[in-house]
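In what follows, a single structure is set out as structure tokens and then discussed.
In the working numbering, the protein residues as written are 7 to 341.
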């Protein structure tokens, strides 16, 4: 988990470290460097696991409940004479989507953005706030899909829904799908020595895992996840390139962001979608699933899902450096 790769990118080295940050560092990144004022998670039960991990990594000193908010201290340089508070409260949103079907022969439920999500994403982060305030949102579909054409159709729906919101400053991520490990639990859990534990260890590399995915994962359609991830990568690249022709990390200046491009009206500006690619390093973690009575798709918290959020914040930290050095409001990810 300590490193993740971007292959064939001559501008940078092949590997970038995932650097876990403490709560204060994450707050500074969100509030001071990226002007994040709202955060949303929308997806399946694994997205719910990521949301719970997000809350846990900040802890009760920074998270309020009912409803959840992230309360971050303002840095000294951000305090003004008119400041009534030394903290910034960032509303947090989580909701399960309804797309796909629980089992292969169940009827389809078509994917859409819920009214609650649309309201959260469409309203400005702060009433009367300046245009640079952003919403951060993380999306996923896949675990409840068994039909490839449905997955393709609903990925298009997701991206077009973001396009219709028309907020180019906001930062959106799509998280790739991760399969489970079918035989993560003992054959006879009632007689198993849980004090000793399973002693499962991670796979050494993805090639060691793929044969079991193709053989054992087919019963749950997990074997389709690599293909669906590939489709999502290509579709997101096309989505970003459609509006942002040019090279990797193409600068997007607010004044000419959509100049000369097809759009519904002059006020619309198109978003960029970044890829949170957790497939390979999570696939190695056959350890960490639920113990007695747990399933072999979800992980325990704390556990491997924490590293999805460590990757998210490492990506955001790198993104903030790029935006800060180039003076832009958003930019294209690596292709």
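Just so you know, even glycine gets a beta-carbon here, dropped at the ideal spot from N, CA and C.
Only a predicted model underlies this, so the values are computations on that prediction, with no experimental measurement involved.
| Query | Result |
| --- | --- |
| For residue 264 and residue 277, I'd like the C-alpha separation in whole angstroms. | Residue placement at residue 264 is poorly supported in this model, since its pLDDT is 31, which falls under 50; the coordinates are not used for a value here. |
| Looking only at C-alpha atoms, which of 59, 168, 46 sits nearest to residue 100? | 46 |
| Once you ignore the five residues that flank residue 309 on each side, which residues in its own chain have a CB closer than 6 Å to its CB? | 294 |
| Using 10 angstroms around the beta-carbon of residue 224, count the other beta-carbons present and answer buried if the total reaches 16, otherwise exposed. | exposed |
| How far does the alpha helix (DSSP H) with residue 58 in it reach, from first residue to last? | 51 to 64 |
| Could you spell out the range, first to last residue, of the alpha helix (DSSP H) harbouring residue 121? | 121 to 128 |
| Between which residues of its own chain and residue 160 is the CB-CB distance below 6 Å, once the five residues before and five after are set aside? | 105, 117, 147 |
| Near residue 164, which residues of its chain fall below 7 Å by C-beta distance, leaving aside the five closest residues on each side in sequence? | 117, 145, 147 |
| Is residue 321 helix, strand or coil by DSSP? | helix |
| Residues in its own chain within less than 7 Å of residue 31 by CB, not counting five upstream and five downstream? | none |
| Which class does residue 212 belong to by DSSP, given the choice of helix, strand or coil? | helix |
| Out of 291, 238, 108, 158, state which residue places its alpha-carbon closest to the alpha-carbon of residue 207. | 291 |
| With a floor of 3 residues, list each beta strand (DSSP E) that falls wholly inside the stretch 125 to 191, ordered by position along the chain. | 140 to 145, 177 to 181 |
| Locate the alpha helix (DSSP H) running through residue 30, then write down its first and last residues. | 29 to 34 |
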